[in-house]
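Working notes for the structure below.
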Amino acid sequence: MRLALFLLVAVAFLPLLLKSLTESPSPSFSLNQVGQLVELSADELSQEYRQQFASSGVTREVHSAVMVKLGNGNLRAFWYGGAREGAKDVSIYTAELDLQSNEWLDERVLVERHATAQQLGIYLRKIGNPVTFRDGDERLWLFFVSVSVGGWAGSTINFMISDDDGQSWTTPKRLIASPIFNLSTLVKGEPFLYTDGSIGLPVYHEMIGKFGELIHLSSSGEVLDKVRLMSGRVSLQPIVLPSSGQHARIYMRNATDAPDSTLFETWTTDAGENWASVVRNDLPNPNAAITGLRLDDGGLLLVINNQHDKRNNLSLMHSVDDGDSWQLLYQFEQEENTPEFEHQFAYPSLRQSSDGDFHVVYTWNKERIKHIRFNQRWLQQRMEEAL
Amino acid sequence: MMMETGIGILAATLLWLALLVKLTRRWLPRKLLVVVLLVGLAIALVPFNRLHVGGYIFSLTSYLSVSSVMLLLGFLFANLVGEHWRGFNSLWQSRQQWTAILIFFAIAGLFLYPMTAGLTLFDPYRLGYLGTPLSVALVVYLFGWALLCVVKRWYLLLLLLLMSVIVYYLKWLPSLNLWDYVIDPLVVIYSIFSLLKSGGCWLLRREPSTQQVS
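Residue numbers (this note's numbering), protein chains in the order written: chain A, 2 to 388; chain B, 5 to 218.
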């Protein structure tokens with residue numbers, strides 16, 4: 002009897018032992034989201050810089066906009082809106098930017114709390130940050146956080162997939178990403194692709210500790226691995242900017258509210274197998290989300306609140322030496338705060354459209370999602386001026 | 005609703021029924037516990053504000069581990085029909101079996117949860133994906149306990165470990181992380197409190213005799 006039990010235990014655990022002893026190398030980063038810079042002749046293009054609102058103001062507050070490129074070349078944006086952040090009427094909205102007319106069309110509710118709760122079979126208290134990307138099979142993915150009990154620290158990530166550029170979506174599924182009642186995994190940084198079709202999802206943890214993490218998902222949305230980038234209570238909302246199959250930089254929001262707070266950064270030279278110890282960057286960060294884009298000439302663009310406190314400034318930064326030094330290219334926003342009103346230009350998202358233009362969307366005083374569009378000529382002019 | 009969600013809600017409903025039995029068994033004769041179970045089941049079938057009791061509990065707990073589900077099933081079985089199953093009863097009521105179970109879950113939980121919350125850069129939850137060289141430590145830990153269970157005849161814990169591994173292979177939960185099949189915070193909290201309670205009782209019993217000696 003006992004011998005049979007020994008054998009049973011050995012047979013049961015042997016596949017686990019073999020699996021844990023088999024090393025599977027990290028897949029390489031895909032560079033499909035790298036910004037393309039093309040050769041421009043002197044008279045080819047004039048500088049273009051346009052701004053407008055992407056949201057129409059149907060909700061009292063809006064926040065946390067992100068964008069994704071569609072098959073027809075247009076961009077689709079997602080953001081959440083409602084009476085206020087965390088209110089029960091908050092839904093995730095979407096709208097499509099027609100590149101030709103530069104108009105935002107078809108603004109509508111995509112994720113509504115009650116319907117989503119019913120689809121997930123659970124109680125939902127509130128809905129929060131969405132992030133989106135397009136995978137190698139041209140499918141759109143939308144990840145968003147939801148909370149059943151407590152504050153944002155109790156968040157769980159859900160995801161939906163669309164095969165038709167956001168016209169229809171699968172029912173939402175929950176990611177299991179934490180052993181403590183699956184609580185406290187949130188998204189803000191945009192996902193990215195690996196060359197084998199799997200997905201990198203930058204996430205962060207907010208319960209007791211505050212730290213950035215990186216989830217590796219299969220192409221069907223199963224969590225394959227989760228890497229912690231930092232411990233403690235200081236970092237949030239990582240963004241990942243690959244520069245080659247093996248190299249990438251991560252920048253993270255500083256969650257400390259210290260008077261001299263700056264961004265955190267780390268990097269890998271082996272496709273994320275190992276990440277360098279996190280260090281403080283020179284760029285200021287007033288405990289605010291950031292966005293960025295790697296350019297195909299190796300340069301880096303970041304959109305940040307370029308000061309140590311308050312979010313009344315939003316700036317475009319450029320680095321030609323992989324983040325060692327930064328030049329201010331442009332201030333999208335710079336307003337004076339008054340005792341009565343504090344400006345909030347926050348949660349930016351930077352993307353390039355198929356026509357080569359660059360687009361930034363961000364929360365404008367929590368009232369609207371603002372959209373800024375500029376072309377490569379304008380960007381290059383700013384780069385030349387900054388030198 | 006996905007099939008996995010259904011499994012999660014069923015497990016949460018089991019927790020609801022076990023809580024009802026636990027709360028009422030002191031005052032009710034064993035035969036009436038069946039009635040409590042049936043009433044609990046009836047309540048679980050009625051949606052409140054479009055959601056069943058199991059759905060509300062599932063919203064808080066997420067997926068219970070296989071160990072928890074097995075222990076809940078064992079608890080209900082022991083309280084409702086266990087008296088007619090001597091073999092099961094002697095196993096379920098064995099103090100030695102329970103001490104092994106409580107110690108196993110307490111050690112695993114104290115290792116996993118504080119570091120998962122950000123105490124260190126090392127994240128023990130990552131071991132459960134079995135993708136890093138250190139993952140072998142988790143497998144060896146579980147394997148070691150399973151072997152110990154055979155040697156010491158702790159068949160209840162052995163059953164929990166084997167069932168967790170089998171359900172992991174079958175991927176009945178929407179997770180590829182071995183930890184999610186073996187433990188969850190509920191079974192760990194229960195284990196730690198039970199051990200503290202036993203430790204407290206042991207100390208209280210010991211105190212008078214120590215005084216006598218002195």
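Glycine included, C-beta positions come from ideal geometry on N, C-alpha and C.
Asked: Could you check where the alpha helix (DSSP H) with residue 220 of chain B kicks off and where it finishes?; Found: Residue 220 of chain B is absent from the model: chain B starts at 5 and stops at 218.
Asked: List the whole-angstrom C-beta distance separating residue 348 of chain A from residue 303 of chain A, where the pair is believed to meet the contact cut-off of C-beta under 8 angstroms.; Found: Not confirmed; about 14 angstroms, so no contact.
Asked: Determine the extent of the beta strand (DSSP E) in which residue 163 of chain A is found, giving its start and end residues.; Found: 156-163
Asked: By Cβ distance, which residues of its chain are closer than 7 angstroms to residue 2 of chain B, with the 5 residues on each side in sequence left out?; Found: Here chain B has residues from 5 to 218 only, and residue 2 of chain B is not among them.
Asked: So, with DSSP's three-state summary, where would you put residue 243 of chain A?; Found: strand
Asked: From A:155, A:23, A:154, A:229, pick the residue whose C-alpha is nearest to that of residue 124 of chain B; which is it?; Found: A:229
Asked: Any Cβ of chain B within less than 9 angstroms of the Cβ of residue 42 of chain A?; Found: no
Asked: Relative to chain B, which residues along the region 105-117 of chain A have a C-beta separation below 9 angstroms, given in chain order?; Found: 115
Asked: For residue 101 of chain B, report the span of its alpha helix (DSSP H) as first-last.; Found: 99-118
Asked: Looking at C-alpha atoms only, which residue of A:363, A:272, A:179 is the closest neighbour of residue 334 of chain A?; Found: A:363
Asked: Just reading off the alpha helix (DSSP H) that residue 127 of chain A is part of, what are its end residues?; Found: Taken as a continuous stretch (DSSP letters only), residue 127 of chain A belongs to no alpha helix (DSSP H), being part of the beta strand (DSSP E) at 127-135.
Asked: Taking only beta-carbon positions, decide if residue 9 of chain B is within less than 9 angstroms of chain A.; Found: yes
Asked: Quick one, which residues of the region 94-109 of chain B are near chain A if we go by CB-CB under 8 angstroms, in chain order?; Found: none
Asked: Any idea if residue 147 of chain A is buried or exposed, counting beta-carbon neighbours within 10 angstroms, 16 or more meaning buried?; Found: buried
Asked: Count the other CB atoms within 10 Å of the CB of residue 10 of chain B; is the residue buried (16 or more) or exposed (fewer)?; Found: exposed
Asked: Report all residues from its chain with a CB closer than 7 angstroms to the CB of residue 47 of chain B; omit the five preceding and five following residues, and keep chain order.; Found: 57
Asked: With distances taken between CB atoms, is the gap from residue 239 of chain A to residue 222 of chain A smaller than 9 angstroms?; Found: no
Asked: Hey, is residue 257 of chain A's beta-carbon within less than 9 angstroms of any beta-carbon in chain B?; Found: no
Asked: Pick out the complete alpha helix (DSSP H) segments inside the region 158-198 of chain B, 4 residues or longer, and give them in chain order.; Found: 159-174, 182-186
Asked: Taking the straight line between their C-alpha atoms, what separation do you get for residue 184 of chain A and residue 46 of chain A?; Found: 50 angstroms
Asked: Beta-carbon within less than 6 angstroms of residue 365 of chain A's beta-carbon, same chain only, minus the 5 sequence neighbours each way: which residues are those?; Found: 371
Asked: Below 8 angstroms on C-beta distance, what does residue 169 of chain B contact in chain A?; Found: 13, 14, 17
Asked: Mind listing which residues of the region 183-215 of chain B have their C-beta closer than 9 angstroms to chain A's C-betas, in chain order?; Found: 183, 184, 187, 188, 189, 190
Asked: Output, in sequence order along the chain, the residues in the region 204-220 of chain A whose CB is closer than 9 angstroms to any CB in chain B.; Found: 206, 208, 209, 210, 211, 212, 214, 217, 219
Asked: One question on the structure: do residue 309 of chain A and residue 338 of chain A come within less than 9 angstroms of each other, judged by their Cβ atoms?; Found: no
Asked: Should residue 2 of chain A go down as buried or exposed, given a rule of 16 or more other Cβ atoms within 10 Å for buried?; Found: exposed
Asked: Return yes when the Cβ of residue 109 of chain B is within less than 9 angstroms of the Cβ of residue 192 of chain B, no when it is not.; Found: yes
Asked: So for residue 54 of chain B, helix, strand or coil by DSSP?; Found: coil
Asked: With a threshold of 9 angstroms between beta carbons, is residue 140 of chain B in contact with chain A?; Found: yes
Asked: Could you tell me whether the Cβ of residue 91 of chain B comes closer than 9 angstroms to any Cβ of chain A?; Found: no
Asked: Assign residue 35 of chain B to one of two classes, buried (16 or more other C-beta atoms within 10 Å of its C-beta) or exposed (fewer than that).; Found: exposed
Asked: Quick check: the Cα distance between residue 66 of chain B and residue 182 of chain A, rounded to an integer number of angstroms?; Found: 5 angstroms
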